[in-house]
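Visitor: Below is one structure. I have some questions about it.
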Amino acid sequence: MNILSKLFRHKDAEEKKVGGMEDFMTLIRVYFQAAIASELGITNLAMLPDMRVFKTTLHVPTVNNRLGVGEKARCKKMLKEIYSMDDDFFREIDQSVRRRCRKLQDVQVYLVQFQGFTQDLMMLMGNLMKFKLRLPSVFKGALYKMTEKTVDSIYNKNNFTEPGVMKAVVSVREYSHRLGFSQRWVTDFVYNVVMLAKKEPQPKGDDK
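In my numbering, the protein residues as written are 22 to 229.
Structure (structure tokens):
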């Protein structure tokens with residue numbers, strides 16, 4: 022708890038729960054950046070701002086004079102312990118980075134694509150699932166199946182009536198193809214974000 026509070030700079034644990042959605046996304050970015058660093062042999066920490074903060078705050082030692090190796094292992098351990106992510110989730114990230122980041126010039130493009138992908142994906146999921154997201158988090162199995170079904174429709178359904186939704190669907194598919202993530206990976210990612218979002222404190226006056 023102390024390490025996470027320090028890493029994510031949460032001043033008030035009651036207002037900002039450590040281990041929440043924002044922290045999950047930060048650790049995901051750290052893992053991506055660490056995977057890129059270890060794959061390409063990057064030596065400039067300035068290129069990897071989230072990993073730099075993670076490394077310096079938690080005093081993660083450099084392994085075998087290669088940035089990213091120790092940071093990746095430490096970040097993976099935290100994601101598994103705090104959020105119960107499985108090995109397949111990390112394996113897909115590693116494969117995506119290995120295939121799409123072959124030279125330094127690829128890094129910025131790749132990270133921008135992932136940011137665009139997650140933003141469009143979560144907005145689209147919120148639009149398509151709507152009231153289903155209000156299902157209490159105790160119904161984990163039902164929420165996962167709903168998430169899985171919605172992700173499948175994004176990848177395979179072509180009869181969306183709203184032009185904005187269809188445009189977002191096409192965008193998510195294009196990003197997914199470029200990044201190389203499976204529907205299973207996307208489902209697991211979205212499900213974890215949704216579950217964490219449901220645990221976030223509601224704004225005062227929000228009676229939903």
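A virtual CB, placed ideally from N, CA and C, is assigned to each residue, including glycine.
Since this is a predicted model, take the numbers as computed values, not measurements.
1. Buried or exposed, going by whether 16 or more other CB atoms sit within 10 Å of the CB of Ser105?
2. Assign Lys76 to buried or exposed, taking buried as 16 or more other Cβ atoms, counted over all protein chains shown, within 10 Å of its Cβ.
3. Would you mind sorting Asp209 into buried or exposed? The rule is 16 or more other CB atoms within 10 Å of its CB.
4. Nearest by alpha-carbon distance to Arg50: which of Gly162, Arg123, Gln129, Val84 is it?
5. Give me the Cα-Cα distance between Glu60 and Val214, rounded to the nearest whole angstrom.
6. Can you tell me the Cα-Cα spacing of Asn23 and Thr78, whole angstroms?
7. Which residue from Phe111, Thr83, Ala67 puts its Cα closest to that of Tyr52?
8. Apart from the five residues on each side of it in sequence, which residues of its chain come closer than 8 Å, Cβ to Cβ, to Lys161?
9. Output the distance between the C-alpha atoms of Ala58 and Lys166, rounded to the nearest integer angstrom.
10. Enumerate in chain order the residues of its own chain whose CB-to-CB distance from Met150 is below 7 Å, with the five nearest sequence positions on each side excluded.
11. Distance check for Leu142 and Val193, CA to CA, integer angstroms please.
12. Between the alpha carbons of Val211 and Val186, how many angstroms are there, rounded?
13. With DSSP run on the structure shown, which of helix, strand or coil describes Arg87?
14. Can you round the beta-carbon distance between Arg123 and Gly201 to whole angstroms, since I take them to be within the 8 Å contact cut?
15. Taking its Cβ as the centre, do 16 or more other Cβ atoms sit within 10 Å of Val133, making it buried, or is it exposed?
16. So Ser197 packs on Phe138, CB below 8 Å; how close in whole Å?
17. From the DSSP output, in three-state form, read off Phe160 for me.
Guide: By the coordinates alone:
1. Answer is exposed; the Cβ neighbour count stays below 16.
2. Answer is buried; the Cβ neighbour count reaches 16.
3. Buried.
4. Residue Gln129 is the option with its Cα nearest to Arg50.
5. Each residue's Cα considered, the two are about 27 Å apart.
6. Caution applies to Asn23, whose pLDDT of 43 falls short of 50 and renders its modelled position unreliable; the value that the coordinates give is listed next. Roughly 12 Å separates the two Cα atoms.
7. Ranked by how close their Cα comes to the Cα of Tyr52, the residues Phe111, Thr83, Ala67 have Phe111 in first place.
8. Excluding positions up to five away in sequence, the list reads Met216.
9. Roughly 35 Å between the two C-alpha positions.
10. Excluding the 5 residues flanking it on each side, Met150 has same chain C-beta neighbours closer than 7 Å at Met167, Thr171, in chain order.
11. In a straight line, the C-alpha of Val193 is about 6 Å away from that of Leu142.
12. Their Cα atoms are separated by approximately 17 Å.
13. The DSSP-derived three-state label of Arg87 is strand.
14. Arg123 to Gly201, Cβ: 13 Å. No contact.
15. Around the beta carbon of Val133, a 10 Å sphere encloses fewer than 16 other beta carbons of the protein chains shown; the residue is thus reported as exposed.
16. Confirmed, about 7 Å.
17. In the three-state DSSP reduction, Phe160 falls in the coil class, being neither helix nor strand.
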